[in-house]
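In my numbering, the protein residues as written are 9 to 138.
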């Protein structure tokens with residue numbers, strides 16, 4: 009499987025957000041979807057890194073499998089279940105190149121604390137959400 013990471017920011021941000029939403033690169037009920045939607049049509053400092061697969065013998069990106077999203081001093085990530093624990097979301101986080109002292113990780117599914125620790129990103133304290 010061939011993969012490529014695309015970074016969406018500034019003038020390409022809407023394209024990346026629309027692709028993430030159209031291909032359901034989020035878990036319903038969690039913060040990622042509303043965060044993406046809130047930035048549609050806005051010029052902001054938000055950035056999106058998305059890993060796309062391509063067909064064998066093709067350089068044309070096809071399907072998103074993982075992403076990392078920075079918005080309002082928070083980083084969030086998502087990876088399709090069948091591609092988890094293969095390093096794809098971690099590569100997206102690394103591709104965003106951000107200051108880990110300023111940007112913190114949002115809450116996530118069970119086990120996400122291990123993911124963020126391996127990425128070298130601190131999580132927001134749970135009491136911040138309640």
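For glycine and all other residues, C-beta sits at the position ideal for the given N, C-alpha and C.
{"query": "Euclidean distance between Cα positions of residue 138 and residue 111", "result": "With a pLDDT of 46 at residue 138, under the threshold of 50, the modelled position of this residue cannot be trusted, and the question is left open."}
{"query": "Extent of the continuous beta strand (DSSP E) run through residue 62", "result": "55 to 62"}
{"query": "Exposure label - residue 47; buried when at least 16 CB within 10 Å", "result": "buried"}
{"query": "Contact check, residue 78 vs residue 55, beta carbons under 8 angstroms", "result": "yes"}
{"query": "For residue 87, the first and last residue of its enclosing alpha helix (DSSP H)", "result": "Element bounds for residue 87: not the alpha helix (DSSP H) but the beta strand (DSSP E), 82 to 87."}
{"query": "According to DSSP, residues forming a beta bridge with residue 72", "result": "60"}
{"query": "Own chain partners of residue 15 with C-beta closer than 6 angstroms, once the 5 adjacent residues on each side are dropped", "result": "57"}
{"query": "Environment of residue 98 [buried if 16+ CB atoms lie within 10 Å]", "result": "buried"}
{"query": "Cross-strand partners of residue 15 (DSSP beta bridge)", "result": "57"}
{"query": "Nearest neighbour of residue 102, chosen from 19, 51, 75 and 133 [CA to CA]", "result": "75"}
{"query": "For residue 117, the nearest candidate out of 81, 109 and 85 (CA to CA)", "result": "85"}
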